[in-house]
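Note that my numbering has the sequence shown beginning at 125, numbered continuously upward. Okay, so here's the structure we're looking at.
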Amino acid sequence: LSLNHIGSLPDNIGVLTKLNFVDLSGNSIPELPSSFSNLKLLRNLYLDYNGRQNLQQEFEVLGLLPNLNVLDISGDSIDQLPPSIGRLKSLQYLELSYNQIEILPAEFSDLKNLQILSINGDSQFNLKKNIDLLSKLPKLKELHLEGNHFSDIPPGIRSLVSLEELYLNDNDLKVVPKE
C-alpha cells in the first residue's frame, strides 16, 4: 500500500489479524485507527512520510502490538516522541531519520530489545544530551547518526558498550576522540 494517496485507514482494519508486515509509507495517513491494535502478529510497520500528527494516540495503539520488531516513522517532521514509546518492548529496529527530534524521552530506555537505531538527517538531534539514555539500551548494536551536523563526538560514546557499528558519515567532525 506504499506510495499511494491513502488518507486514512478503515476502522475495521483490525479484522486482518494475520498481518505481520504493513508498509504504508508515502501516503497521507495522519493517524492509525484504534482497531490497529488487534494486529497482534504484526512484526514490521512502515509509516514513514505520512505526516504523523497524534503520536501519543498512535504509540498507545502500537504499544499493544506484542510482536512489533520494526518501526519506521522517518520523514514526518516529528519534533518529540511521546513517553508511550517505551511500551514497544519487542522493538528491535527503529527508524527515526529526517525528523526534528532533539531529546528522546526518558522512557526510551525501556526499549531493552532495541538493536538498531537510525536518526539520520536530523540537525536538531543532540547526541550529548541523549548519550546517557542510549547507554541504557543493553542490546544496541548499530547506531546511525549520519548527516546530523555534529561537530564532535561526546566522550560518553564509550558508554555504548554493546555498540558494534557506529555510522557518523556526512557530519561536521574535525577530530576523532582519542578514547
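Ideal placement from N, C-alpha and C gives every residue a C-beta, glycine not left out.
Mapping the DSSP letters down to three states, classify Ile-197 as helix, strand or coil.
Counting from one through the sequence shown, the residue named residue 197 turns up at place 73. Ile-197: coil per DSSP, three-state reduction.
Return yes when the Cβ of Leu-212 is within less than 8 Å of the Cβ of Leu-235, no when it is not.
Position 111 of the sequence shown, counting from 1, holds the residue named residue 235. Position 88 of the sequence shown, counting from 1, holds the residue named residue 212. Yes, the pair counts as a contact, with Cβ atoms nearer than the cut-off.
Taking its Cβ as the centre, do 16 or more other Cβ atoms sit within 10 Å of Gly-210, making it buried, or is it exposed?
Against the sequence shown, residue 210 aligns to sequence position 86. Under this definition Gly-210 is a buried residue.
Whole angstroms is fine: what's the gap from Lys-289's alpha carbon to Leu-267's?
Stepping through the sequence shown from its first residue, residue 289 is reached at position 165. Stepping through the sequence shown from its first residue, residue 267 is reached at position 143. In the sequence as presented, Lys is not what sits at residue 289; that position holds Glu. Each residue's Cα considered, the two are about 6 Å apart.
Rounded to the nearest angstrom, what separates Ser-283 and Asn-223 at their Cα positions?
Position 159 of the sequence shown holds residue 283. Position 99 of the sequence shown holds residue 223. C-alpha separation (whole angstroms): 25 Å.
Who are the near neighbours of Val-146 in its chain, counting only those whose CB is closer than 6 Å to its CB and skipping five residues on each side?
The count along the sequence shown starts at 1 and reaches residue 146 at position 22. So the qualifying residues of the chain are Leu-169.
Can you give, in chain order, each stretch of the beta strand (DSSP E) that sits fully within the segment 256-300 and has at least 3 residues?
Those beta strand (DSSP E) runs which fall completely within the segment 256-300 and span 3+ residues are 266-268 and 289-291.
Hey, Lys-260 and Ser-233: beta-carbon distance below 8 Å or not?
As a first step, residue 260 must be located in the sequence shown, where it is residue number 136. As a first step, residue 233 must be located in the sequence shown, where it is residue number 109. Yes, they are a contact pair.
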